[in-house]
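One structure is given below, encoded as structure tokens.
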Amino acid sequence: MTAVIESEEHKALRTAVAALGKRYGRDYRARTVAEGKPPAELWSEAGKLGYLGVSLPEEYGGGGGGIAELSIVLEELGAAGSPLLMLVVSPAICGTVISRFGTEEQKRRWLPGIADGSRLMAFGITEPDAGSNSHRITTTARRDGTDWLLTGRKVFISGVDIADAVLIVGRTEDARTGTLKPCLFIVPTDAEGFQKRPIDMELNAAEKQFELTLDDVRLPADALVGGGEDAGLLQLFAGLNPERIMTAAFAIGMGRHALAKAIEYARDRTVWKAPIGAHQAIAHPLAQAHIDLELARLMMQKAAHLYDSGDDIGAGEAANMAKYAAGEACVKAVDQAVHTLGGNGLTREFGLASLITAARVARIAPVSREMILNYVSHQTLGLPKSY
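Pasting the structure below:
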């Protein structure tokens with residue numbers, strides 16, 4: 199498949215983004231976390247350079263590329279030590295959904311700002327009692343004249359404090375059948391009845407997590423993405439596949455960053471007569487970690503290629519596999535990097551210890567590895583469900 203052989207344009211994009219990431223790097227990331235601030239300077243510069251909007255349509259200020267290009271941006275920033283988590287959310291999920299399904303007015307209102315970084319949108323799907331079972335979502339919208347009233351709760355919603363709006367997954371009642379069906383709403387974060395509460399996380403990240411309470415939030419008719427009630431499920435999956443691909447990019451970048459630290463240390467650290475990297479007990483696990491990351495990247499590139507070419511079904515399988523492979527590879531790479539450095543791997547100087555927790559995110563979010571195995575078991579292998 200030609201997708202795994204990068205074009206000259208993709209190689210140039212990698213080089214340019216890597217240069218930007220190097221100018222910020224792990225020290226910048228650590229400083230923003232310590233200060234409790236978002237990586238605003240990096241976000242702004244990435245937007246001005248066109249990297250945030252690389253996957254969005256040119257007519258709305260984007261670069262006209264796809265998730266393949268956006269995943270390169272996130273991977274390279276992560277490899278430099280300064281990943282931008284909200285890249286997964288604002289352009290990849292929200293920007294994709296709006297560009298594919300939004301009304302012309304919604305596209306003009308939101309996409310240029312998402313592309314240049316001046317506006318940011320969060321994404322709200324997870325609920326306290328729903329978890330991986332999105333069919334149990336209870337956030338509901340009911341009509342009140344021409345308006346909507348939205349009520350419900352969401353948890354583990356990233357970046358709400360820096361977002362202009364949240365793309366909320368809710369449900370509406372089908373007037374013909376009475377059953378509830380998914381719909382997506384653009385909810386301004388300053389709307390009356392919209393409340394956010396930070397979740398106290400031990401995760402060492404600049405982007406904060408929030409619980410949302412929506413208490414009869416009144417929304418105009420045009421807050422409903424696309425303006426209609428019949429495409430909610432398509433809209434939802436249009437955002438979830440890029441989310442999984444971008445999570446893979448996030449994990450691969452983090453794994454590459456950790457591995458690079460370990461390789462540098464193993465080349466220089468001498469305990470007896472030779473650098474520790476000369477010993478196979480050190481060298482082989484690092485080589486295995488590199489192989490696993492490269493294999494995960496190949497599946498991520500396949501998933502991005504399928505998605506960008508319009509094959510949503512094929513992309514669904516590949517995106518899940520890519521996310522699974524990248525999550526596992528990232529955890530192993532970080533673990534081996536810390537182990538290679540020994541006690542130094544737990545010091546603030548080398549900056550690896552915080553990745554031990556961060557690496558686990560790719561295993562559990564946005565969907566757990568067990569649910570991905572369920573997906574492959576049922577959808578790919580045709581095995582019966584247990585639930």
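Residue 392 in the numbering used here sits at position 194 of the sequence shown, and the numbers go up by one each step. Where a beta carbon is used, it is the ideal one built from N, C-alpha and C, also for glycine. The structure presented is a predicted model; accordingly, all values stated were derived computationally and were not measured.
Leu-218 is the residue among Leu-218, Thr-230 and Ala-277 whose C-alpha sits nearest the C-alpha of Gly-248. The Cβ neighbour count for Tyr-222, taken over all protein chains shown within 10 Å, is at least 16; the residue is labelled buried. Following the DSSP letters along the chain, one finds Leu-250 in no beta strand (DSSP E), marked with neither H nor E.
In this structure, the beta-carbon distance from Ala-278 to Lys-209 does not fall below 8 Å. In the DSSP assignment, Ala-320 is bridged to Val-364.
By the criterion of at least three beta-carbon pairs nearer than 8 Å, the segment 441-461 is not in contact with the segment 395-408. DSSP assignment within the segment 419-499 yields the following whole alpha helix (DSSP H) runs of 4 residues or more, N-terminal first: 430-466. The C-beta separation of Val-423 from Thr-387 comes to about 17 Å, leaving the pair out of contact by the 8 Å criterion. Annotation for Gly-430: Lys-379, Pro-380, Cys-381 and Leu-382 place their beta carbon closer than 7 Å to its own, counting only its chain and skipping 5 residues before and after.
For the pair of segments examined, the segment 525-540 was found to touch the segment 558-567: the number of CB pairs separated by less than 8 Å reaches three. Per DSSP, Ile-291 lies in no beta strand (DSSP E) and is assigned neither H nor E. Residue pairing by DSSP places Lys-394 opposite Leu-410 in a beta bridge. Thr-555: not part of any beta strand (DSSP E); member of the alpha helix (DSSP H) spanning 551-562, first to last residue.
The Cβ atoms of Ala-502 and Ser-269 lie closer than 8 Å to each other. In the structure shown, Ser-280 adopts coil according to DSSP, grouped into three states.
In this structure, Gly-322 sits away from Leu-348, with a CB-CB distance that is not shorter than 8 Å.
Contact between Leu-254 and Gly-260 holds, with the beta-carbon distance rounding to 3 Å and staying under 8 Å. For the pair Asp-509 and His-537, the Cα-to-Cα distance works out to about 41 Å. The C-beta of Trp-241 has 16 or more other C-beta atoms within 10 Å across all chains shown, which makes the residue buried.
Between Gly-251 and the set Glu-302, Asp-314 and Ile-203, the nearest pair of CA atoms involves Asp-314. According to DSSP, Arg-341 shares a beta bridge with Trp-346.
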